[in-house]
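Residue numbers (my numbering): 24 to 329. Cβ atoms here follow ideal geometry from the backbone N, Cα and C, with glycine treated the same way. Following: one structure in structure tokens, then a few remarks.
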């Protein structure tokens, strides 16, 4: 089994978001929410930036049994047809629907826009070190869950350093972050009934269906998601390539058809230290899946934490 390599993040940032214009075929700002929806980026929208991609080590001997088990579990999935035919009890049994009563206290941070438009709030974080995209993305997810105050540190920079430390994400130890460490840290602070897990999203109909279901389930219960991407296919990066963690805060089906992937938008909160990439961005669904798939094919299997 190929083990997921560590990723050196170019940057991460999370921002409050929610709400989009019905026409997302052109970039525009929504006055109420200040969220930029970009479907076709241009040089005027995003200027090209230089981002250094740091080579990843080839030695995986320090991968723990727990990390290996998490990544192994991510290889097991369900087809679109199997998910569609599951009862609520089966969805819960297979950890596809987080029926967690304790999360009801966070429902005020969850917004239902329309039949298939779901989103959550988060605090915008800027990563304080070049390789801290994972700590920053996780901190944003903890703000969404309402538990960021549990992380030691009087400032958000200090909280990122706590999350990056040995025994947590191990970012400071490894100089990058194994995705297998992310669920364990989220479990520690959120304490939710359904455990967080790393998952591999594939670039096909089954993979797109599985991602849509998981994102919708998380946002329905007031939780963010974390995507691990190679940024080339993200329009607002304008072709710049970097391996990067970002936080997911909304899924929007523009025409109300749940599986019409050409008309779906994922909103991400990017904590990148560069203002050209930092902030909330609407990303066409297929582009996000492509960016996650690009990471998987070049680095390792898991590319989603939900």
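Let me know the secondary structure DSSP gives residue 98 once reduced to three states.
Low confidence applies to residue 98: its pLDDT is 44, below 50, so where it sits in the model is not reliable, and the reading given next is rough at best. Three-state DSSP puts residue 98 in coil, outside helix and strand.
Please classify residue 231 as buried or exposed, where buried requires at least 16 neighbouring CB atoms within 10 angstroms.
Burial call: buried.
Give a yes or no on contact between the segment 302 to 312 and the segment 226 to 241, applying the rule of three or more CB pairs nearer than 8 angstroms.
The answer is yes - the segment 226 to 241 touches the segment 302 to 312, with three or more Cβ pairs under 8 angstroms.
Closest by C-alpha distance to residue 212, when choosing among 205, 173 and 184
173
With burial defined as no fewer than 16 other Cβ atoms inside 10 Å of the residue's Cβ, what is the status of residue 282: buried or exposed?
exposed
Return helix, strand or coil for residue 143, following the three-state DSSP convention.
strand
Mapping the DSSP letters down to three states, classify residue 221 as helix, strand or coil.
strand
With 16 other Cβ atoms within 10 Å as the buried cut-off, status of residue 323
buried
Three-state secondary structure (DSSP) of residue 305
The DSSP-derived three-state label of residue 305 is strand.
DSSP puts residue 292 in a beta bridge; with which residues?
270 and 303
Just to check my reading of the structure: residue 250 and residue 327 have Cβ atoms closer than 8 angstroms, yes? What is that Cβ distance to the nearest angstrom?
6 angstroms
Residue 288 and residue 307 - do their beta-carbons sit closer together than 8 angstroms?
yes
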